[in-house]
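Contents: one structure, followed by commentary.
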Amino acid sequence: MDLDEFRGTMAGSAPPEGMSLALQTLWWDAKGDWDRAHGCAQQDSGQTGSAVHAYLHRKEGDMRNAGGWYSRAGRAPAVVSLDDEWQALVAEMLAIEAVQGARAALEGFMAALNARDADAMRTRWLHFPCVCFARRGVTMIPTPADYDDRVWTEDGKSADWGRVEWDAIEAVDAGPDKVHFRAQFTCYRTDGSTTDRSRALYIVIRRNRRWAIQGRSSLAA
């Protein structure tokens with residue numbers, strides 16, 4: 264979701280389901296309901312929630328209270344216009360929400376891989392065409408029907424394949440509909456011993472309201 268889409272949701276009578284408390288706060292504020300916005304802010308005690316809470320009290324004109332919330336957020340009091348601060352906060356919170364949604368897609372992808380659930384890969388965790396850069400070269404998967412994970416089907420290697428686990432996942436760049444992740448994963452045999460450890464880059468896209476992987480590139484660690 265980008266800023267224009269966020270503004271578009273304000274045609275409704277309530278924030279969209281699943282929206283973070285910080286974004287709900289900014290949504291109700293834009294609708295002119297400061298009290299409901301403040302009620303949402305009071306439920307969000309994290310740093311991002313504190314930043315939005317600070318904005319509300321700045322808008323109210325209570326700079327003493329606002330200063331305390333800016334401090335909790337680890338930020339200096341804003342000096343830009345209230346509208347500029349609102350837009351900056353919405354963009355920041357949307358980026359945070361994007362990373363969370365995209366990371367959930369990586370977790371879902373790994374769970375489906377370990378469950379050998381090809382249908383979930385085709386319909387939920389991959390976008391097509393999907394591109395993979397690996398030691399074998401470049402693989403293009405044009406459509407869901409073309410998906411076939413060799414780790415389940417190859418003779419020899421697949422017979423002893425157990426599972427794959429993420430070691431680390433880090434978002435390195437994020438927009439409203441695309442997030443780049445740097446990650447590391449380890450492959451395990453059925454007896455629990457390790458086979459491979461790889462570093463990888465993943466491109467996770469939001470399309471048709473669904474976060475899924477559209478590109479990945481891996482290197483042996």
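So our numbering is basically just the index in the sequence shown, starting at one, shifted up by 263.
All C-beta atoms, glycine included, are put in the ideal place defined by N, C-alpha and C.
Endpoints, alpha helix (DSSP H) assigned at residue i
{"i": "residue 335", "result": "326 to 336"}
Coarse secondary structure for residue i, derived from DSSP in three states
{"i": "residue 310", "result": "helix"}
{"i": "residue 367", "result": "helix"}
{"i": "residue 384", "result": "helix"}
{"i": "residue 281", "result": "coil"}
{"i": "residue 362", "result": "helix"}
{"i": "residue 294", "result": "coil"}
{"i": "residue 452", "result": "strand"}
{"i": "residue 379", "result": "coil"}
{"i": "residue 274", "result": "helix"}
{"i": "residue 305", "result": "coil"}
{"i": "residue 350", "result": "helix"}
N-terminal and C-terminal residue of the beta strand (DSSP E) that residue i is part of
{"i": "residue 473", "result": "473 to 483"}
{"i": "residue 459", "result": "457 to 470"}
{"i": "residue 411", "result": "From DSSP, residue 411 is part of no beta strand (DSSP E); its letter is neither H nor E."}
{"i": "residue 430", "result": "424 to 437"}
Paired residues, beta bridge with residue i - DSSP
{"i": "residue 394", "result": "403, 478"}
{"i": "residue 345", "result": "None, per the DSSP bridge assignment."}
Residue nearest to residue i in terms of C-alpha spacing, selected from the options
{"i": "residue 463", "options": "453, 454, 455, 449", "result": "449"}
{"i": "residue 285", "options": "295, 317, 268, 274", "result": "317"}
{"i": "residue 429", "options": "435, 293, 376", "result": "376"}
{"i": "residue 269", "options": "475, 340, 355", "result": "355"}
{"i": "residue 475", "options": "389, 432, 401", "result": "389"}
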